[in-house]
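Chemist: Can you read through this structure? Questions will come right after.
There are 2 protein chains.
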Amino acid sequence: MPEKLKPAGETRAADVLHRMRADIINCTLKPGMKLKFESLREMYEVSFSTLREALSRLVAEGLVVAEDQRGFIVAPVSIDDLNDLTDVRVLIERECLTLAIKRGDDAWEATIIGAFHRMDRLQERLGLKYYLSEEWTKLHGDFHFSLVVACQSPNLLEIRQKLFERAHRYRRMSSQFRTKWRAKDVEHKMIMEAVIARDPTKAGKLIERHIRETTANVVKYAGHLFEAPDEEPRSRAVRVSA
Amino acid sequence: MPEKLKPAGETRAADVLHRMRADIINCTLKPGMKLKFESLREMYEVSFSTLREALSRLVAEGLVVAEDQRGFIVAPVSIDDLNDLTDVRVLIERECLTLAIKRGDDAWEATIIGAFHRMDRLQERLGLKYYLSEEWTKLHGDFHFSLVVACQSPNLLEIRQKLFERAHRYRRMSSQFRTKWRAKDVEHKMIMEAVIARDPTKAGKLIERHIRETTANVVKYAGHLFEAPDEEPRSRAVRVSA
DNA sequence: AAATAAATTATTTTCGAAATTTTATCCAAA
DNA sequence: TTTGGATAAAATTTCGAAAATAATTTATTT
Numbered sequence: 038m039p040e041k042l043k044p045a046g047e048t049r050a051a052d053v054l055h056r057m058r059a060d061i062i063n064c065t066l067k068p069g070m071k072l073k074f075e076s077l078r079e080m081y082e083v084s085f086s087t088l089r090e091a092l093s094r095l096v097a098e099g100l101v102v103a104e105d106q107r108g109f110i111v112a113p114v115s116i117d118d119l120n121d122l123t124d125v126r127v128l129i130e131r132e133c134l135t136l137a138i139k140r141g142d143d144a145w146e147a148t149i150i151g152a153f154h155r156m157d158r159l160q161e162r163l164g165l166k167y168y169l170s171e172e173w174t175k176l177h178g179d180f181h182f183s184l185v186v187a188c189q190s191p192n193l194l195e196i197r198q199k200l201f202e203r204a205h206r207y208r209r210m211s212s213q214f215r216t217k218w219r220a221k222d223v224e225h226k227m228i229m230e231a232v233i234a235r236d237p238t239k240a241g242k243l244i245e246r247h248i249r250e251t252t253a254n255v256v257k258y259a260g261h262l263f264e265a266p267d268e269e270p271r272s273r274a275v276r277v278s279a
Numbered sequence: 038m039p040e041k042l043k044p045a046g047e048t049r050a051a052d053v054l055h056r057m058r059a060d061i062i063n064c065t066l067k068p069g070m071k072l073k074f075e076s077l078r079e080m081y082e083v084s085f086s087t088l089r090e091a092l093s094r095l096v097a098e099g100l101v102v103a104e105d106q107r108g109f110i111v112a113p114v115s116i117d118d119l120n121d122l123t124d125v126r127v128l129i130e131r132e133c134l135t136l137a138i139k140r141g142d143d144a145w146e147a148t149i150i151g152a153f154h155r156m157d158r159l160q161e162r163l164g165l166k167y168y169l170s171e172e173w174t175k176l177h178g179d180f181h182f183s184l185v186v187a188c189q190s191p192n193l194l195e196i197r198q199k200l201f202e203r204a205h206r207y208r209r210m211s212s213q214f215r216t217k218w219r220a221k222d223v224e225h226k227m228i229m230e231a232v233i234a235r236d237p238t239k240a241g242k243l244i245e246r247h248i249r250e251t252t253a254n255v256v257k258y259a260g261h262l263f264e265a266p267d268e269e270p271r272s273r274a275v276r277v278s279a
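Quick mapping for you: the protein sequence lines, in order, are chains A and B. Counting from 38, one number per residue, gives the positions in the first sequence under the numbering used here. Counting from 38, one number per residue, gives the positions in the second sequence under the numbering used here.
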């Protein structure tokens with residue numbers, strides 16, 4: 038086994054892209070932060086051009102903002118963005134769910150049940166602070182994906198995935214400050230049951246409530262982090278501490 | 038005035054991105070075509086890294102496909118992709134239209150009427166083959182954008198724009214082979230009237246019909262261009278002729 | 001002191017050579 | 001003839017130096 042690095046088939050740029058996307062989504066790279074090339078070069082151990090390649094993709098995904106001739110910053114967060122994101126997610130998730138219920142087969146149902154079980158067990162094992170776990174986050178993402186994977190629309194799934202990632206960044210911000218946690222997660226179970234009962238109306242309403250309540254919690258616990266009235270009007274961007 | 042080049046504020050990479058996106062959308066760079074760096078370098082007069090930057094963005098937009106360690110190809114076209122694209126566009130355009138009708142003000146209505154007028158007059162002037170004109174294409178895009186611009190959702194507008202661009206590539210493919218043209222364009226006028234009458238149900242149905250009929254025409258006139266049963270199983274990609 | 005300009009420093013952007021990887025060609029063995 | 005493997009050629013990917021641009025500091029003038 039090699040000591041450390043292993044892009045394995047993919048290019049170095051693709052590897053950096055994945056790592057950087059993960060770092061932005063889980064707020065290791067903080068919203069609004071200036072992305073200095075020297076720092077990034079140390080952090081990811083690649084050259085300028087390779088970095089720019091990854092950054093360019095992230096710009097297209099809406100996770101990074103390019104300021105022509107003045108570098109890149111991590112996409113800022115705001116209440117407006119969160120609200121808009123929430124509305125669009127409701128539209129897309131509901132459509133995906135409706136289609137999946139129409140088109141999914143038995144194997145699909147089994148996948149959902151499996152994904153829920155994995156998430157649920159880990160949740161029990163981790164106790165109240167499950168939300169802070171990287172592993173639970175992964176399984177939570179897998180569960181939500183399993184619900185819609187049978188919709189058969191590559192475009193919808195692609196759009197959904199990108200929105201889900203951006204929403205996760207907000208969830209991540211609030212999870213640090215959250216004090217109250219639903220002990221037993223009944224929401225996910227209800228969604229799953231409605232989906233397997235092939236009830237698109239009920240499933241749609243439940244997923245909408247799930248998304249909107251999550252947003253409400255984000256605003257409640259992390260709202261104070263958004264749009265801090267700019268102290269330095271000149272350079273709004275936060276510095277990266279190298 | 039400088040002789041030729043003028044990125045004007047934006048970076049060289051951003052300039053190449055715009056030119057390349059336009060070339061893919063209007064099929065100067067043909068679907069499935071292998072994108073060789075030497076050819077591209079001549080074509081756009083920039084270096085490897087700058088090219089890769091632009092290509093990376095186009096990958097994220099779904100106009101280019103990256104084949105790890107084996108370069109890039111223009112995103113292929115297919116009936117399946119067109120059908121999926123059509124369904125998702127119907128969903129998104131209808132939502133945008135509904136929201137715009139709810140939220141738009143008088144100035145917005147005026148914008149629509151202006152955009153329609155510009156498109157309509159050019160159409161009259163150009164006669165039957167208006168569809169082949171670059172300028173008409175631009176005004177047509179502007180008109181459709183004006184219909185939804187008041188929806189107030191940056192995310193929906195962004196998604197809509199990217200889908201519209203990809204759909205345009207299909208329209209462009211069929212326009213070369215099309216023999217019958219609707220002499221007077223009544224469809225756009227009806228949509229505009231329903232929107233200004235603030236009738237979301239009617240406007241939604243009309244925009245859906247507009248999109249689906251366009252797709253039907255694409256299949257009719259350009260369907261034979263899709264998914265030519267691969268003659269060379271090894272290298273499916275078409276070569277760029279430098 | 002405040003404002004403007006010039007010079008300096010810091011940072012980003014671009015380039016093409018060098019390294020890596022894939023693809024094509026050739027040759028020997030079955 | 002076909003198969004497998006080495007060798008050569010072609011293409012992509014990565015790198016860091018050099019050029020271009022922006023930000024900061026210093027100097028000069030009002």
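Glycine included, every Cβ here is placed at the ideal spot set by N, Cα and C. On a predicted model such as this, the values are computed, not experimentally measured, just so you know.
Classify threonine 252 of chain B as buried or exposed, calling it buried when 16 or more other Cβ atoms lie within 10 Å of its own Cβ.
Modeler: Buried.
Chemist: Just reading off the beta strand (DSSP E) that alanine 103 of chain A is part of, what are its end residues?
Modeler: Segment 101-103, the beta strand (DSSP E) holding alanine 103 of chain A.
Chemist: Mark glycine 151 of chain B as exposed unless 16 or more other C-beta atoms lie within 10 angstroms of its C-beta, in which case mark it buried.
Modeler: Glycine 151 of chain B comes out exposed.
Chemist: Using a beta-carbon distance cut-off of less than 7 Å, what residues from the stretch 181-200 of chain B approach chain A?
Modeler: Against chain A - using a Cβ distance shorter than 7 Å - the residues of the stretch 181-200 of chain B are Ser190, Pro191, Asn192, Leu193 and Ile196.
Chemist: Who does valine 111 of chain B pair with in a DSSP beta bridge?
Modeler: Valine 111 of chain B pairs with B:Val101.
Chemist: Please report the straight-line C-alpha distance between glutamate 195 of chain B and valine 96 of chain A, rounded to a whole angstrom.
Modeler: Spanning the two alpha carbons is a distance of roughly 13 Å.
Chemist: With 16 as the cutoff for other CB atoms within 10 Å, does leucine 193 of chain B come out buried or exposed?
Modeler: Leucine 193 of chain B should be labelled buried.
Chemist: Consult DSSP for leucine 66 of chain B and reduce its assignment to one of helix, strand or coil.
Modeler: Three-state result, leucine 66 of chain B: coil.
Chemist: How far does the alpha helix (DSSP H) with leucine 122 of chain A in it extend, from its first residue to its last?
Modeler: Element bounds for leucine 122 of chain A: 116-140.
Chemist: Would serine 115 of chain A pass as an interface residue toward chain B - the criterion being a Cβ-Cβ separation below 7 Å?
Modeler: Closer than 7 Å: no.
Chemist: Note down, in chain order, each residue of its chain lying with its Cβ closer than 8 Å to the Cβ of threonine 216 of chain A, except the 5 sequence neighbours on either side.
Modeler: Excluding residues within five positions, the ones whose Cβ falls inside 8 Å are Tyr258.
Chemist: Give the DSSP bridge partners of leucine 72 of chain B, in chain order.
Modeler: Beta-bridge pairing links leucine 72 of chain B to B:Phe109.
Chemist: I need the DSSP call for phenylalanine 263 of chain B, collapsed to helix, strand or coil.
Modeler: DSSP places phenylalanine 263 of chain B in coil when its eight states are reduced to three.
Chemist: Taking only beta-carbon positions, decide if valine 94 of chain B is within less than 7 Å of chain A.
Modeler: Reading off the sequence shown, one finds arginine at residue 94 of chain B, where the question assumed valine. Answer yes: the Cβ-Cβ gap between arginine 94 of chain B and chain A drops below 7 Å somewhere.
Chemist: Which chain B residues are close to leucine 128 of chain A, counting only those with a beta carbon under 7 Å from its beta carbon?
Modeler: Neighbours of leucine 128 of chain A on chain B, chain order: Glu132.
Chemist: Quick one, are the C-beta atoms of serine 183 of chain B and isoleucine 149 of chain B less than 7 Å apart?
Modeler: Yes, the Cβ-Cβ distance between serine 183 of chain B and isoleucine 149 of chain B is below 7 Å.
Chemist: Can you tell me which of A:Phe85, A:Glu104 and A:Glu161 puts its alpha carbon nearest to the alpha carbon of glycine 46 of chain B?
Modeler: Comparing Cα positions, the closest option is A:Glu104.
Chemist: Distance, Cα to Cα, alanine 187 of chain A vs arginine 140 of chain A?
Modeler: In a straight line, the C-alpha of alanine 187 of chain A is about 6 Å away from that of arginine 140 of chain A.
Chemist: List the endpoints of the continuous alpha helix (DSSP H) containing alanine 231 of chain A.
Modeler: Element bounds for alanine 231 of chain A: 224-233.
Chemist: Would you kindly report the start and end of the unbroken alpha helix (DSSP H) that includes threonine 48 of chain A?
Modeler: From DSSP, threonine 48 of chain A is part of no alpha helix (DSSP H); its letter is neither H nor E.
Chemist: Do you know offhand how far aspartate 143 of chain A's Cα is from valine 127 of chain A's?
Modeler: Computed Cα separation, rounded: 26 Å.
Chemist: What residues in the stretch 48-66 of chain A bring their beta carbon closer than 9 Å to a beta carbon of chain B?
Modeler: Taking 9 Å as the Cβ-Cβ cut-off against chain B, the residues of the stretch 48-66 of chain A that qualify are Thr48, Ala50, Ala51 and Leu54.
Chemist: For my contact list, leucine 72 of chain A and valine 111 of chain A are in at a C-beta cut-off of 8 Å; report their separation, rounded to the angstrom.
Modeler: That belief holds up - the Cβ atoms of leucine 72 of chain A and valine 111 of chain A are roughly 7 Å apart, short of 8 Å.
Chemist: State the Cα-Cα distance for the pair arginine 158 of chain B and glycine 241 of chain B, rounded to the nearest angstrom.
Modeler: Arginine 158 of chain B and glycine 241 of chain B: Cα-Cα distance of roughly 25 Å.
Chemist: Note down, in chain order, each residue of its chain lying with its Cβ closer than 6 Å to the Cβ of leucine 155 of chain A, except the 5 sequence neighbours on either side.
Modeler: A small fix is needed here, since residue 155 of chain A is arginine in this sequence, not leucine. Answer for arginine 155 of chain A: Leu176, listed in chain order.
Chemist: Among B:Val223, B:Arg209, B:Ser190 and B:Asp121, which residue has its Cα nearest to the Cα of glutamine 160 of chain B?
Modeler: It is B:Val223.
Chemist: Please list, in chain order, all residues of the same chain as alanine 204 of chain B whose beta carbon is under 7 Å from its beta carbon, the five residues on each side excluded.
Modeler: Excluding positions up to five away in sequence, the list reads Leu122 and Arg126.
Chemist: I'd like to know whether the C-beta atoms of leucine 169 of chain A and serine 212 of chain A end up nearer to each other than 7 Å.
Modeler: Yes, the Cβ-Cβ distance between leucine 169 of chain A and serine 212 of chain A is below 7 Å.
Chemist: Just to make sure I have the definition right: I need the residues of chain B whose C-beta is within less than 7 Å of the C-beta of leucine 122 of chain A. Which are they?
Modeler: Neighbours of leucine 122 of chain A on chain B, chain order: Asn192.
Chemist: Does the separation of the CB atoms of arginine 209 of chain A and asparagine 63 of chain A fall below 7 Å?
Modeler: Result yes, Cβ atoms of arginine 209 of chain A and asparagine 63 of chain A sit closer than 7 Å.
Chemist: Do you know whose CA, among B:Arg56, B:Leu66, B:Arg107 and B:Pro191, lies nearest glutamate 82 of chain B's CA?
Modeler: The residue with the shortest Cα to Cα distance from glutamate 82 of chain B is B:Arg56.
Chemist: Can you give me the C-alpha to C-alpha distance between threonine 48 of chain B and alanine 147 of chain A, rounded to a whole angstrom?
Modeler: So the alpha carbons of these two residues sit roughly 50 Å apart.
Chemist: Give me the chain A residues within the contact set of alanine 97 of chain B, using Cβ-Cβ distance strictly less than 7 Å, ordered along the chain.
Modeler: Those are Arg94, Ala97 and Glu98, listed as they occur along chain A.
Chemist: Apply the 10 Å Cβ neighbour rule to tryptophan 145 of chain B and answer buried if 16 or more other Cβ atoms are within range, or exposed otherwise.
Modeler: The residue is buried, with at least 16 neighbouring Cβ atoms inside 10 Å.
Chemist: Compare the C-alpha of valine 101 of chain B against each of B:Val185, B:Thr174 and B:Lys199 and name the closest.
Modeler: Of B:Val185, B:Thr174 and B:Lys199, the residue nearest in Cα terms is B:Lys199.
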